[in-house]
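Participant: The structure follows.
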Amino acid sequence: MEQRPDRDRRTSRAHARSAGRGNYSRQLSTRSWDDQPAHLTEGLTPDVALECGWGRLIFGQTFADHERLQAEVAKEEPGRRDVCLYVREPHVLVSRAPQELFIDPSHTYRLWLHNLRSDQDPVRGLTVRKMAREADADAVNRIYTAAGMVTAPTEVLWRNQLTRTFTYLVAEDADTGEVIGTVTGVDHVEAFGDPEQGTSLWCLAVDPQTTRPGVGRALVRTLAERYQGRKRGYLDLSVVHDNAPAIALYEKMGFQRVPVFAVKRKNPINERLFAAQPVEHLDDLNPYARLVADEALRRGVTVHIVDAESGLLRLSHGGRTLQTRESLSELTTAVALAKCDDKRLTRRLLDDAGLRVPRGRVASHDADDVAFLHEVGEVVVKPARGEQGQGITVGVTDEDALLDAVALAERYCPDVLLEEFVRGDDLRVVVIDHKVIAAAVRLPAMVVGTGEHTISELIAATSRRRAAATGGEATIPMDELTTRCVEAAGYEMDEVLAPGVELFVRRTANLHTGGTIQDVTSVLHPDLAAASVRASEVLDIPVVGLDLLVPDVEAPDHVFIEANERPGLANHEPQPTAERFVDLLFPSTRALPRGWKPGAVGADHRSG
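Here the sequence shown stands for residues 647 to 1254, where the numbers follow the numbering used here.
Following this line, the structure appears as structure tokens:
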């Protein structure tokens, strides 16, 4: 941080005030958490946020009001962890953006440095010293990683240690010369002219592989002695409330708990600190329900797993409770569900609204079915009700195949739909709250030849990989449809496929039958997006996966073939499908947009 020209004068004044007053507990206010009297705040450097590499240290007492402090905290960058300490009225700050901020469940402990006495039991076989070379910074990051902490760019650590504001200490094993521990100190006088002569301790970490005892105590002790040598008043540290071993160590060393609180942002790094976890069965959820549960927990929504096998959840927040089954919620009415469940009704509604659908008819089991086949040349046969691609036959071109396909579809539903086969890419568009959130092209299951394995062996191996990647949700069925698809391509199931040859083994691109997916959201043609939104409005459904056939996702041509009332949200990374779904369920938990300006106290701060 840039030093102000009057820094030395302020420090001298602070030292002069302390001279001859007895011990530090009388000469200082020691109340960083309260409104300080004017003589303790004049000359303070305003709005101080120190860059630490893993995030920033924001000193709340240097900000004139909550609005300025909230704006500073909002600048946290992705993948980093900012800490805002010494916040006056932290509960008021959090109330201004409860969906963004939380009070860290940590205790602050303070060591009065005037009470520090010489160590009667020094740790042996250990050298504690300042960071002396850039290799030490690399060692610090190694220990951070081993301890599960956020790392910092080496250049930031090295640049900071050249200032008097930061003190980086490392513990070196005297026998091996290896760095096995680290701690960071911050001098508040150097940082912002603190009239209380405070300092703080951060990032205490010990290599979990070391067998050397007392490393943490030696690091804390050495840092305290260095600040005592600077005639500082106290050393503060923050420790998670349930870290009993660490708290016991600090109290044994003479630290006392003080009512100082930190505020942090709700981000993935901090999630375990603010999100309640279900007591059991979270790991039993399939990937589609787990994605929703994780996002809800991240928002502070209470999650109760009603039935793990089916993905049924009960979510509660702020007096509002909703049940979900994966992406299906109580917000989808029974009527809307029926519109999607019956493919005949879906077709009629979309067609009546002027949206494009393939030519089709309900199978009548007579000559009219054959006449329709001859008219369009090639058809798709599907059950009027069903999901996950079950009972669908694609590419029927002759009467015998038509009879077989209708018989197969009837196993799943007595009513069968015949549709004109339209060539093109299989496009899935996910619409939530009548907005396009994700779009992806789906490809049928495919195997790649090795020159050693038969097609049936390749299918089995690929199916096992797909099942492992989807928690058992996706497999390639070894059924008659797979066999027909392979034979239609000119192969036999027991034939060895040449190296590098790609072979589609299913005609449909359903993910549950081993299909794969490629995100195309950024290149989706505006007409396709607009038609998808219109379809969701016609069906009057808040969450829907619309299936289209398109010659090109960047062109307007398309036909709608299905609407899925429970689309798999986990299939569309990196698009924020789960985030927008929870936005729909609990609008008050929406993240505030960047640049949002807080209003008056008591105003409704919900976005959108």
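Quick reminder that beta carbons are idealized off the backbone N, C-alpha and C, glycines included.
1. Among all the DSSP beta bridges, which residues are the ones paired with tyrosine 880?
2. Nearest to tyrosine 790 by CA position, among Pro854, Gly839, Pro768, Ile1105, is which residue?
3. Could I get the ranges of all uninterrupted alpha helix (DSSP H) runs contained in the segment 774-833, with 4 residues as the minimum, in chain order?
4. Buried or exposed: which applies to glycine 827, given that a residue is buried once 16 or more other Cβ atoms fall within 10 Å of its Cβ?
5. Determine the burial state of histidine 887: buried for a count of at least 16 other Cβ atoms within 10 Å of its Cβ, exposed for fewer.
6. Let me confirm a value: proline 859 is counted as buried when at least 16 other C-beta atoms fall within 10 Å, else exposed. Which label applies?
7. DSSP state of aspartate 853, grouped into three classes?
8. Restricting to runs no shorter than 4 residues, where is the alpha helix (DSSP H) found entirely within the segment 901-936?
9. Using a threshold of 8 Å, state whether the C-beta atoms of phenylalanine 812 and valine 832 are closer than that.
10. For threonine 708, would you say it is in contact with chain C, using Cβ-to-Cβ distances shorter than 8 Å as the test?
11. Just reading off the beta strand (DSSP E) that cysteine 730 is part of, what are its end residues?
12. Unbroken beta strand (DSSP E) runs of length 3 or more, entirely within the segment 981-1051: which are they?
13. Could you check whether glycine 900 and asparagine 761 sit closer than 8 Å to each other, using their CB atoms as the reference points?
14. Would you check if there are 3 or more beta carbon pairs closer than 8 Å linking the segment 835-847 to the segment 869-882?
15. On the CB-based measure, 16 or more other CB atoms within 10 Å of its CB, does proline 891 come out buried or exposed?
16. According to DSSP, arginine 1074 sits in a beta bridge with which residue or residues?
17. Give me, in chain order, the residues of the same chain whose beta-carbon lies closer than 6 Å to that of tyrosine 896; leave out the 5 immediate sequence neighbours on both sides.
18. Roughly how far, in whole angstroms, is the beta-carbon of lysine 985 from the beta-carbon of leucine 991, given that I think they are within contact range, below 8 Å?
19. By a C-beta neighbour count over all protein chains shown, 10 Å radius and 16 as the cutoff for buried, is proline 1188 buried or exposed?
20. In the structure shown, what three-state DSSP assignment does asparagine 1210 receive?
21. For valine 1147, which option in Glu1208, Val1094, Arg1069, Ala1209 has the closest C-alpha, if you only look at C-alpha atoms?
22. Between the C-alpha atoms of glycine 1214 and aspartate 1125, what's the straight-line distance to the nearest angstrom?
23. Less than 8 Å between the C-beta atoms of threonine 1159 and glycine 1035, yes or no?
24. Using 8 Å for Cβ pairs, my map puts valine 1025 next to glutamate 972. What's the rounded Cβ distance?
25. Pull up the distance between the alpha-carbon of alanine 1106 and that of valine 861, whole angstroms please.
26. Relative to the ligand HEM, is the shortest distance from any of its heavy atoms to the C-beta of isoleucine 1187 smaller than 7 Å?
27. Using the C-alpha atoms, what's the distance from serine 1234 back to glutamate 941?
28. Less than 8 Å between the C-beta atoms of threonine 979 and leucine 961, yes or no?
29. Helix, strand or coil: how does DSSP classify valine 1142 here?
30. Which first and last residues belong to the alpha helix (DSSP H) in which valine 947 is found?
31. Name, in chain order, the residues that DSSP records as bridge partners for serine 962.
32. Whole angstroms are fine: how far does the CA of lysine 912 sit from the CA of aspartate 1071?
33. Are there three or more Cβ pairs, one per stretch, closer than 8 Å when the segment 1163-1183 is compared with the segment 1027-1034?
34. Hey, would you say leucine 803 sits closer than 8 Å to valine 786, going by beta carbons?
Facilitator: In this structure, then:
1. For tyrosine 880, the beta-bridge partners assigned by DSSP are Trp758, Gly844.
2. Pro854
3. 780-792, 800-807
4. buried
5. exposed
6. Exposed, since its Cβ has fewer than 16 Cβ neighbours within 10 Å.
7. coil
8. 917-920
9. Going by beta carbons, phenylalanine 812 and valine 832 fall inside the 8 Å limit.
10. Of the protein chains in the structure, only one exists, and it is not chain C.
11. 729-731
12. 1006-1008, 1025-1029, 1039-1042
13. yes
14. yes
15. exposed
16. Ala1086, Asp1193
17. Tyr755
18. 6 Å
19. buried
20. In the structure shown, asparagine 1210 adopts extended strand secondary structure according to DSSP, grouped into three states.
21. Val1094
22. 24 Å
23. Yes.
24. Going by Cβ atoms, the distance from valine 1025 to glutamate 972 rounds to 31 Å, so no, they are not a contact pair.
25. 53 Å
26. No copy of the ligand HEM appears in this structure; indeed no ligand is present at all.
27. 14 Å
28. no
29. strand
30. Unbroken run through valine 947: none, as it is neither H nor E.
31. Thr948, Thr967
32. 40 Å
33. no
34. yes
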